[in-house]
Amino acid sequence: MKKFSRRLAATLMAQALGLAALAPLHSFAQPADAAPSPRPTIVLVHGAFADSSSWDGVVQRLQARHYAVISAANPLRGPSFDAAYVASVVDSVKGPVVLVGHSYGGSVISSAANGKANVKALVYVAAFAPEAGETALGLTGKFPGSTLGPTLAPAVPLADGGKDLYIQQDKFPAQFAADVPLAKARLMAVGQRPIAEAALNEAAQAPAWKSVPSWFVYGDRDKNIPPAALAFMAQRANARKTVVVKGASHVVMTSQPEAVTRVIVEAAGH
Numbered sequence: 001m002k003k004f005s006r007r008l009a010a011t012l013m014a015q016a017l018g019l020a021a022l023a024p025l026h027s028f029a030q031p032a033d034a035a036p037s038p039r040p041t042i043v044l045v046h047g048a049f050a051d052s053s054s055w056d057g058v059v060q061r062l063q064a065r066h067y068a069v070i071s072a073a074n075p076l077r078g079p080s081f082d083a084a085y086v087a088s089v090v091d092s093v094k095g096p097v098v099l100v101g102h103s104y105g106g107s108v109i110s111s112a113a114n115g116k117a118n119v120k121a122l123v124y125v126a127a128f129a130p131e132a133g134e135t136a137l138g139l140t141g142k143f144p145g146s147t148l149g150p151t152l153a154p155a156v157p158l159a160d161g162g163k164d165l166y167i168q169q170d171k172f173p174a175q176f177a178a179d180v181p182l183a184k185a186r187l188m189a190v191g192q193r194p195i196a197e198a199a200l201n202e203a204a205q206a207p208a209w210k211s212v213p214s215w216f217v218y219g220d221r222d223k224n225i226p227p228a229a230l231a232f233m234a235q236r237a238n239a240r241k242t243v244v245v246k247g248a249s250h251v252v253m254t255s256q257p258e259a260v261t262r263v264i265v266e267a268a269g270h
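Below you can see the structure in the form of structure tokens.
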């Protein structure tokens, strides 16, 4: 009986020692309790002669990938005024943000992201990325290729002394949306939102692309902003990636929404 008791005690001791030796391994193997990083909200900013509906194809694809999306209504009054408005939209978002700007909207996001720690990436879609002091009009004329000027309608005088600019409706499809189905391009021509003439001549503030990672996508058939100007701005901003969509017009997000969505998703996953 004593031998059995000693044998049982020895067995229990060995088991205890074995469990003690395994305990640290077991603790080490347990995953730490950490909440996954939230997906960023995608804030889309349209440009001149367009409206929020120009992003519809991109919005659908981003939502299918389970991203929260805000398509902001850009006032198109001037980079400083518009940036303040977009900055207020960014402030309303809880969590990280990817700011996406089309055309003149690129000037807006470049300023709106300043001082916003939750803006994690900038995406320029056929968009201006000005340096401090530059203007949209100046960047357009920096390289040959823009045919926008002759397609503009007579300026519309405003009560405050300013002027609004539109593209002539019959010239809009070929100038702005040559690779969009004609029926849709004609609807876009009617629904275009004007930009204040002064906005195109307003000097940009210090740009956020100097401190926030940027991505660029544009078409090689852009007639508003010369592709050479877009390439210049992308290189100057040290873009993480630049995608040139063959045959795409100025509204590449409307005609090629999947290509644009992929760039946005890549920036969001940065």
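Following our numbering, the numbering of the sequence shown begins with 1 at its first residue and continues without gaps.
Cβ coordinates follow ideal geometry from the N, Cα and C atoms, glycine included.
| Whose CA, out of Q60, K223, P207 and F128, lies closest to the CA of F232? | F128
| task | Determine, using beta carbons only, whether Y104 and G47 come nearer to each other than 8 Å. | result | yes
| said: Please classify A185 as buried or exposed, where buried requires at least 16 other C-beta atoms within 10 Å of its C-beta. | reply: buried
| task | For A121, name the three-state secondary structure that DSSP assigns. | result | strand
| Is the distance from the Cβ of P194 to the Cβ of L99 below 8 Å? | no
| field | Alpha-carbon to alpha-carbon, A159 and R240 | value | Computed Cα separation, rounded: 44 Å.
| How far does the alpha helix (DSSP H) with T242 in it reach, from first residue to last? | Counting along the chain, T242 falls outside any alpha helix (DSSP H), though it belongs to the beta strand (DSSP E) covering K241 to V245.
| task | Any chance you could list the alpha helix (DSSP H) runs of at least 4 consecutive residues sitting entirely within the region 170-216, in chain order? | result | 172-176 and 182-191
| query | Where S27 and H270 are concerned, what is the direct C-alpha to C-alpha distance, given to the nearest angstrom? | reply | At S27 the pLDDT is 33, less than 50, meaning the model places this residue with poor confidence and gives no usable figure here.
| said: Since A155 and L165 should fall inside the 8 Å C-beta cutoff, what is the C-beta to C-beta distance between them, to a whole number of angstroms? | reply: 6 Å
| Chain-order list of residues whose beta-carbon lies under 7 Å from that of A87 (same chain, five-residue window excluded) | A112 and K116, listed in sequence order.
| field | Selection from R61, F172, G57 and D56 that minimises the alpha carbon distance to V265 | value | Residue R61 is the option with its Cα nearest to V265.
| message | Please tell me whether F216 and Y124 are closer than 8 Å, where the distance is taken between their beta carbons. | response | yes
| Residue from P79, L230 and G138 with nearest C-alpha to Q205 | P79
| request: Taking all protein chains shown into account, decide if Q256 is buried (16 or more other Cβ within 10 angstroms of its Cβ) or exposed. | output: Classification of Q256: buried, given that the 10 Å Cβ count is 16 or more.
| Nearest residue (CA-CA) to N238, options P144, L139, E134 and V212 | V212
| task | Assuming L122 and W209 form a contact by the criterion Cβ under 8 Å, report the distance between their Cβ atoms to the nearest whole angstrom. | result | 6 Å
| Between the Cα of D51 and the Cα atoms of D179, V263 and M253, which residue gives the shortest distance? | M253
| said: Pop quiz: Y339 and L200 are said to be a contact at Cβ under 8 Å. What is the actual Cβ separation, rounded to whole angstroms? | reply: Since the first residue of the chain shown is 1 and the last is 270, residue 339 is not available in this structure.
| said: At a cut-off of 7 Å, would you count S111 as near the ligand NAD, judging by its Cβ distance to the nearest heavy atom? | reply: Only the bare structure without any ligand can be found here, which leaves the ligand NAD out of the picture.
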